[in-house]
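Colleague:
In our numbering, the protein residues as written are 1164 to 1317.
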């Protein structure tokens, strides 16, 4: 599949969610950012310089910052949650936890993109509520900044 074909499928999914497709487009070709209920979802289609034309679809949503307290218990809970997830997983990058789906774009169809956007946004929203409730008070107050990533329970 070429980038144009993949982009068309993604934009059809975004339109199906009744979101503004043009407003969702990122600064670079192959990037979109949407808000589904209370979950921010980032969509990227990319290839590598070593394999140009072989595209990948990445859909991710920031879930929450890593808590300042009870990190071990929190990590074990994430491992247990990961077992329950379908077609996506939770991962840590720097000080953030994300819900992520990553796959080769070859063979993608509309229903798979629709399902991936639904899964990632649902899991992010659902588990943000559950984890922020269970670990309430485990995040130390942070000084607000202009570039604060959404999804941090503060």
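All C-beta atoms, glycine included, are put in the ideal place defined by N, C-alpha and C.
Find the nearest neighbour of residue 1199 within the set 1241, 1269, 1244, 1285, judged by alpha-carbon distance.
Modeller: Ranking 1241, 1269, 1244, 1285 by Cα distance to residue 1199 puts 1285 first.
Colleague: Decide yes or no for the touch test of the segment 1287 to 1302 against the segment 1234 to 1244: beta carbon pairs closer than 8 Å, at least 3 of them.
Modeller: As far as the Cβ criterion goes, the segment 1287 to 1302 touches the segment 1234 to 1244, which means the pair count is three or higher.
Colleague: Specify, as a first and last residue, the run of the alpha helix (DSSP H) that residue 1193 falls within.
Modeller: Element bounds for residue 1193: n/a, residue is neither H nor E.
Colleague: From this set, 1248, 1304, 1194, 1263, which residue's C-alpha is nearest residue 1254's C-alpha?
Modeller: Ranking the options by Cα distance to residue 1254, first place goes to 1263.
Colleague: Threshold first: 3 residues or longer. Then list the beta strand (DSSP E) segments lying entirely within the segment 1224 to 1263, N to C.
Modeller: Here the runs fully enclosed are 1252 to 1256.
Colleague: Kindly indicate the opening and closing residues of the alpha helix (DSSP H) around residue 1281.
Modeller: Segment 1273 to 1297, the alpha helix (DSSP H) holding residue 1281.
Colleague: Who are the near neighbours of residue 1194 in its chain, counting only those whose CB is closer than 6 Å to its CB and skipping five residues on each side?
Modeller: Excluding sequence neighbours, residue 1194 sits near 1207.
Colleague: Could you check whether residue 1259 and residue 1227 sit closer than 9 Å to each other, using their CB atoms as the reference points?
Modeller: Yes, they are a contact pair.
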